[in-house]
Amino acid sequence: MRRLVAHVVSNGEWFRLSVERGVAGVTEPCVSEQERARRLDELSNAAPDEQIAALDRVTHAFEQVYEGLTSEQLNAICYHRRGDRSARWYARHRLAEVAFHQWDLRHSLGRDATLDEELAFFLLPTLIESNLPHIYAGRPGIKSRFGLVAEGRPVSTWLLTAGPERLDVVRRSGAADVTITALPSTLALLVYGRANLAQLMRQGHAHIAGDRGLAERFHTIIPRP
1 MRRLVAHVVS NGEWFRLSVE RGVAGVTEPC VSEQERARRL DELSNAAPDE QIAALDRVTH
61 AFEQVYEGLT SEQLNAICYH RRGDRSARWY ARHRLAEVAF HQWDLRHSLG RDATLDEELA
121 FFLLPTLIES NLPHIYAGRP GIKSRFGLVA EGRPVSTWLL TAGPERLDVV RRSGAADVTI
181 TALPSTLALL VYGRANLAQL MRQGHAHIAG DRGLAERFHT IIPRP
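Numbering (our numbering), first residue to last: 1 to 225.
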């Protein structure tokens, strides 16, 4: 649990620095990987009250940065080790990180770990259209097309085309080898690597049309974050 809190705090600190530097026109790394690892260890070993205070501080500082940004500044490009992103993306990804790590915490303790449907629906474009292509690592010989459909939501269909070099994502329906239909919360947990598609299929939480064998290889082809 301490490691999880330390991760949320240290990433928040790094996000804030990346946004501040990006708005100022600097797209170089703000800290080295070694410095990040040291900070994570330091926070992991801190007492619970120190961790809580650090989380409060980073949350306040992160919100303060965004309170002063203009629409133009929200589009400023900021450094990210998996490909530079906009300041606007950092805000949405921070929301995703806090939401999913809260889910991790509750799930690990055996408590109700449902993800809010409206929150999941809001995050899906960021998770699918931005995050997945950036973390995709093409594998020779793999070419497949997955359709993702948010159940009960209009104009919420994505077509993912996986190739040996990149993953192309468009927000539209199209010919797919496998189409996965599920509630927004289920799709969000799936693409964020918190749910297993084969298990979702068995439980009736995801409906599959097309090649079921390929569906069970979803996370072999589409990587977890």
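Beta carbons: idealized from backbone N, C-alpha and C, even for Gly.
In this text, all values refer to a predicted model and were calculated from it rather than measured experimentally.
Considering only the beta carbon of each residue, do Leu160 and Val149 sit closer than 7 Å?
The sequence position of residue 160 within the sequence shown is 160, counting from 1. The sequence position of residue 149 within the sequence shown is 149, counting from 1. Their beta carbons are not under 7 Å apart, which means Leu160 does not touch Val149 by this criterion.
If you compare alpha carbons, which of Ser32, Leu167 and Leu189 is closest to Ser130?
Translated into positions along the sequence shown, residue 130 becomes position 130. When only C-alpha atoms are compared, the closest one is Leu167.
When Val23, Gly152 and Asp56 are compared against Gly68, the one with the closest alpha-carbon
Here residue 68 corresponds to residue number 68 of the sequence shown, with the count starting at 1. Its Cα nearest to that of Gly68, the residue Val23 stands out among Val23, Gly152 and Asp56.
Excluding the 5 residues flanking Phe218 on each side, which residues of the same chain have their C-beta closer than 6 Å to its C-beta?
Counted from its first residue, the sequence shown places residue 218 at position 218. Closer than 6 Å at the Cβ level, and outside the excluded window around Phe218, lie Leu197.
Unbroken alpha helix (DSSP H) run spanning Ser10, endpoints
Numbered from 1 along the sequence shown, position 10 holds the residue referred to as residue 10. Here the alpha helix (DSSP H) through Ser10 covers Arg2 to Val23.
Determine the direct distance from the alpha carbon of Leu123 to that of Tyr66, and round the result to whole angstroms.
Taking the sequence shown and counting its residues from 1, one reaches residue 66 at position 66. Taking the sequence shown and counting its residues from 1, one reaches residue 123 at position 123. Computed Cα separation, rounded: 18 Å.
Are three or more beta carbon pairs between the stretch 7-14 and the stretch 36-55 nearer than 8 Å?
Yes, they touch.
With distances taken between CB atoms, is the gap from Ala176 to Gly147 smaller than 7 Å?
Within the sequence shown, numbered from 1, the residue matching residue 176 stands at position 176. Within the sequence shown, numbered from 1, the residue matching residue 147 stands at position 147. For Ala176 and Gly147, yes; Cβs fall inside 7 Å.
Inter-stretch contact (C-beta, 8 Å, three-pair minimum) for the stretch 98-113 and the stretch 71-79
Three or more Cβ pairs closer than 8 Å define a contact, and the stretch 98-113 falls short of that threshold against the stretch 71-79.
Tell me, please, which residues DSSP counts as bridged to Arg145.
Looking up residue 145 in the sequence shown gives position 145. Bridge partners of Arg145: Thr161.
Any contact of the stretch 36-47 with the stretch 80-94, i.e. 3+ C-beta pairs under 8 Å?
no
Mind checking Thr70: buried by the 16 CB within 10 Å criterion, or exposed?
Residue mapping note: residue 70 aligns to position 70 of the sequence shown, counting from 1. Counting Cβ neighbours within 10 Å, Thr70 comes out exposed, since fewer than 16 surround it.
Using DSSP with H/G/I as helix, E/B as strand and the rest coil, what is Leu115?
Start at 1 with the first residue of the sequence shown, and residue 115 comes out as number 115. Coil at Leu115, not helix or strand.
Would DSSP call Leu127 helix, strand or coil?
Mapped onto the sequence shown, residue 127 falls at position 127. Leu127 falls in the helix class under three-state DSSP.
Per DSSP, what are the beta-bridge partners of Asp168 in this structure?
As a first step, residue 168 must be located in the sequence shown, where it is residue number 168. For Asp168, which the question treats as bridged, DSSP gives the partners Thr161.
Does any residue of chain D have a CB that is nearer than 7 Å to the CB of Arg94?
In the displayed structure, chain D is absent; only one protein chain is listed.
Helix, strand or coil: which one does DSSP assign to Ser86?
Counting from 1 along the sequence shown, the entry for residue 86 is found at position 86. In this structure, Ser86 counts as strand in the three-state DSSP scheme.
Rank Ser144, Asp84 and Gln199 by C-alpha distance to the C-alpha of Ile135 and give the top, closest one.
In the sequence shown, counting from the first residue as 1, residue 135 sits at position 135. Of the candidates Ser144, Asp84 and Gln199, the one whose C-alpha sits nearest the C-alpha of Ile135 is Asp84.
Beta-carbon proximity check, Val178 vs Ala137, cutoff 7 Å
As a first step, residue 178 is located in the sequence shown; it is residue number 178 there, counting from the start. As a first step, residue 137 is located in the sequence shown; it is residue number 137 there, counting from the start. No. Outside cutoff.
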